[in-house]
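**Q**
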Amino acid sequence: MLSTRLPNLNRVMIVGNLTGAPELRSTSTGISVSNFRIAANRRFRDNSGELREDVCYVGVVAWEKLAESCAAKLQKGSAVYVEGELRSRSLEAGDGKKRNVIEIKAHHIQFLGKTGEPDEDADEFGDDEYGGNVEKYN
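In terms of the working numbering, the sequence shown opens at residue 1308 and continues consecutively.
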């Protein structure tokens, strides 16, 4: 049988609001990492025509200078645009059970206003695919 090789693609783009303040910590080697969750809302009309809202909660992890910028500038309720890739990992919960977590490893984050549009003070940060340089655009 002929094997078809599909291209690799793992890219996520999402806009949402932080459900809590970012948590900033450092690895044992001193690399900054920040974790936070966002809520992405979707409004739609159901079959009866009633307006409904569906909320999707997604974890985001940022590294190095991107992590430091998030911790310094974001707070609960902040609107953000996040670009990155999906990553999965296993962790042990407090009850001793293993849990699988899927989250976004952020490559680019733009801080937005409450309306989902950039503020006049909005900052845009991104890093190269190797987690290196962080740039700020005005």
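Each residue gets a CB set at the ideal place from its N, CA and C atoms; glycine is no exception.
Under the rule that 16 or more other beta-carbon atoms within 10 Å means buried, what is glutamate 1399, buried or exposed?
**A** Within the sequence shown, numbered from 1, the residue matching residue 1399 stands at position 92. With fewer than 16 Cβ atoms within 10 Å of its Cβ, glutamate 1399 is classed as exposed.
**Q** Which full runs of the beta strand (DSSP E) of 3+ residues lie inside the segment 1365-1434, going along the chain?
**A** For the segment 1365-1434, whole beta strand (DSSP E) runs of length 3 or above, ordered along the chain, are 1386-1399, 1405-1419, 1431-1434.
**Q** Give me whichever residues DSSP pairs with isoleucine 1321 in a beta bridge.
**A** Residue numbering aside, residue 1321 sits at position 14 when the sequence shown is read from its first letter. The partner list for isoleucine 1321 (beta bridge, DSSP) reads Val1389.
**Q** Determine the extent of the beta strand (DSSP E) in which asparagine 1348 is found, giving its start and end residues.
**A** For this step, residue 1348 is matched to residue 41 along the sequence shown. Run containing asparagine 1348: 1339-1352, per the beta strand (DSSP E) assignment.
**Q** Report yes if the C-beta distance between serine 1341 and alanine 1378 is below 8 Å; otherwise report no.
**A** Walking along the sequence shown from the start, residue 1341 turns up at place 34. Walking along the sequence shown from the start, residue 1378 turns up at place 71. Their beta carbons are under 8 Å apart, which means serine 1341 touches alanine 1378 by this criterion.
**Q** Short of 7 Å in beta carbon distance, which residues of its chain neighbour arginine 1332, apart from the five on each side in sequence? Order them along the chain.
**A** On the sequence shown, residue 1332 is found 25 positions in, with the first residue counted as 1. Closer than 7 Å at the Cβ level, and outside the excluded window around arginine 1332, lie Val1340.
**Q** Under DSSP, the beta strand (DSSP E) around glutamate 1357 begins and ends at which residues?
**A** The residue labelled residue 1357 in the question sits at position 50 within the sequence shown. Segment: none, glutamate 1357 is in no beta strand (DSSP E) and carries neither H nor E.
**Q** Leaving aside the five residues before and after glutamate 1375 along the sequence, list all residues of the same chain whose C-beta is less than 8 Å from its C-beta, in chain order.
**A** Counting from 1 along the sequence shown, the entry for residue 1375 is found at position 68. Within the same chain, glutamate 1375 has close Cβ partners Leu1331, Ser1339, Ser1341.
**Q** Over the uninterrupted beta strand (DSSP E) stretch that includes leucine 1331, give me the two end residues.
**A** For the purposes of this step, residue 1331 is identified with residue 24 of the sequence shown, where counting begins at 1. From DSSP, the beta strand (DSSP E) with leucine 1331 extends over 1330-1333.
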